[in-house]
Amino acid sequence: RTKSSIGLTVCFFEPDMDESARARRQLASDLRHAVPSGELRLLYQPQRSLKTGEISGYEALLRWHHPKRGLISPTEFIPLAEETGDIFAIGDWVLQEACAEARHWPETLKVAVNLSPVQFLQDGLIERFRAILLQTGLSPNRLELEVTESAIITDKLRALHYLRQFKAMGVSVAIDDFGTGHSSLDTLHAFPFDKIKIDKSFLLRAETSHQALAIIRTVLSLGRSLSIPVLAEGVETQGQLQVLESEGCDEAQGYYFGRPAAAPSLDLPDAVNF
Ligand code: C2E
Ligand code: MG
Ligand code: MG
Ligand code: MG
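Right, dumping it as structure tokens:
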């Protein structure tokens, strides 16, 4: 924002509005130093196969340990990073960190990394991924990207091009938060996703809302008819898990199986550091 638009803000909004705008500017300027200052951390949350009972992989979830404000949620600072352009440096850091971490895990485990729509539309995305995979030595088939439908609809041709290139490399791609926003059958048909992640809002209401349960069933049958495995996010209770098992869901993720944690406690010598 320019100085003059800040001036206008002062004229037209309440004083506390100006205060929050100032706080936001401060946060944006702090964010620039977050990567070089080592203030970012990844937590990992298990994804469990309901067919075999085994953990199939872990989703990397970003946290910012702000020196003054403490822990800040990605839902707060990712949108800001998208505005400032810091998302590119942050995205590279996340990918590098997640791939390097997954190198220490058994080869059966994948690591899932979230990609913001802005990242997904950048030039040279594939080359950056290729370079980081090469540098960390992680096999591409152990990496899964999670993108939301909003990443796709902005530029469908480019998105399709990227998805095909990722697939050709061996990297799999999941559609995240499915059922919210713009999710459409059209997108599922047109794009070669390897996994559908049902948004957690449906799971949280699965036992109390007929509508939520109907949506879960619909997504599961959609996945079956397209031969795309479905993962349910936000499983917190045994009751919710039972619903998923009886409906034939492939995979699940949520506090019931494990909260996002500093690093998966694996049966490895390295694990003592965690
Ligand atoms: P998401 O990718 O859909 O991640 C799932 C969110 O649900 C995570 O929130 C996770 O901690 C939370 N969650 C997991 N299990 C449960 C559960 O049983 N109950 C409830 N109520 N919540 C559960 P988190 O970690 O705050 O991340 C929020 C969003 O921020 C993510 O949603 C993702 O869109 C974004 N994000 C996180 N890490 C990254 C990243 O490295 N890069 C980008 N671009 N976005 C990220
Ligand atoms: Mg995700
Ligand atoms: Mg999600
Ligand atoms: Mg989300």
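Residues are numbered in full-length UniProt numbering as their position in the sequence shown, beginning at 1, plus a constant of 661.
Each residue gets a CB set at the ideal place from its N, CA and C atoms; glycine is no exception.
- Of Val-696, Ala-820, Leu-821, the smallest CA-CA separation from Gly-752 is found for Val-696.
- Met-830 and Leu-818 have their alpha carbons spaced roughly 19 angstroms apart.
- The distance from the Cβ of Pro-728 to that of Glu-700 is about 7 angstroms, consistent with a contact at the 8 angstroms cut-off.
- A residue is listed when its beta-carbon falls short of 6 angstroms from at least one non-hydrogen atom of ligand 3; in chain order these are Asp-837, Asp-838, Lys-858, Asp-860, Glu-894.
- Ala-721 is positioned such that its CB atom lies no closer than 8 angstroms to that of Leu-776.
- Classified as buried, Ser-717 has 16 or more neighbouring CB atoms from the shown chains inside 10 Å of its CB.
- Taking the Cβ of Asn-775 as the reference point, at least one heavy atom of ligand 2 falls within a distance shorter than 7 angstroms.
- Assignment of alpha helix (DSSP H) within the segment 790–842, counting only whole runs of 4 or more residues, yields 810–814, 817–830 in chain order.
- If you look at Gln-708, you'll find it in the beta strand (DSSP E) that goes 701–710.
- Close CB contacts of Leu-892 within its chain, under the 8 angstroms cut and outside five residues either way in sequence, are with Gln-708, Ala-835, Lys-856, Ile-857, Lys-858, Ile-859, Cys-910, Asp-911, Glu-912, Ala-913, Gln-914 (chain order).
- Checking the DSSP bridge columns, you'll see Arg-724 partnered with Arg-702.
- Around Ile-814, the same chain offers His-843 as residues with beta carbons nearer than 7 angstroms, after the five sequence neighbours per side are excluded.
- If you look at Ile-889, you'll find it isn't in any beta strand (DSSP E); DSSP assigns it neither H nor E.
- Rounded to the nearest angstrom, the Cβ distance from Gln-783 to Phe-749 is 6 angstroms, consistent with a contact under 8 angstroms.
- At a cut-off of 7 angstroms, the beta-carbon of Thr-736 counts as near ligand 1: some heavy atom of the ligand is closer than that.
- Taking non-hydrogen atoms of ligand 2 into account, the C-beta of Glu-906 is found less than 7 angstroms away from none of them.
- Remark: the shortest separation between the CB of Gly-900 and any heavy atom of ligand 1 does not fall under 7 angstroms.
- Annotation for Gln-901: Leu-864, Ala-867 place their beta carbon closer than 6 angstroms to its own, counting only its chain and skipping 5 residues before and after.
- In the structure shown, Ser-845 falls within a coil segment according to DSSP collapsed to helix, strand and coil.
- Leu-887 counts as exposed, since fewer than 16 other beta carbons sit within 10 angstroms of its beta carbon.
- Rounded to the nearest whole angstrom, the C-alpha separation of Arg-685 and Ser-870 is 37 angstroms.
- Burial state of Gln-899 is exposed, judged by a 10 Å Cβ sphere holding fewer than 16 other Cβ atoms.
- Counting along the chain, Lys-861 sits inside no beta strand (DSSP E); it lies in the alpha helix (DSSP H) bounded by residues 861–865.
- Shortest gap from the CB of Ile-739 to any heavy atom of ligand 1: under 7 angstroms.
- For Glu-758, the number of other beta carbons within 10 angstroms of its own is at least 16, and it is reported as buried.
- Cβ contact annotation for Phe-854 (same chain, cutoff 7 angstroms, sequence separation greater than five): Val-834, Ala-835, Ile-836, Ile-889, in chain order.
- In this structure, the beta-carbon distance from Arg-878 to Glu-908 falls below 8 angstroms.
- For Gly-900, the enclosing alpha helix (DSSP H) stretches over residues 899–908.
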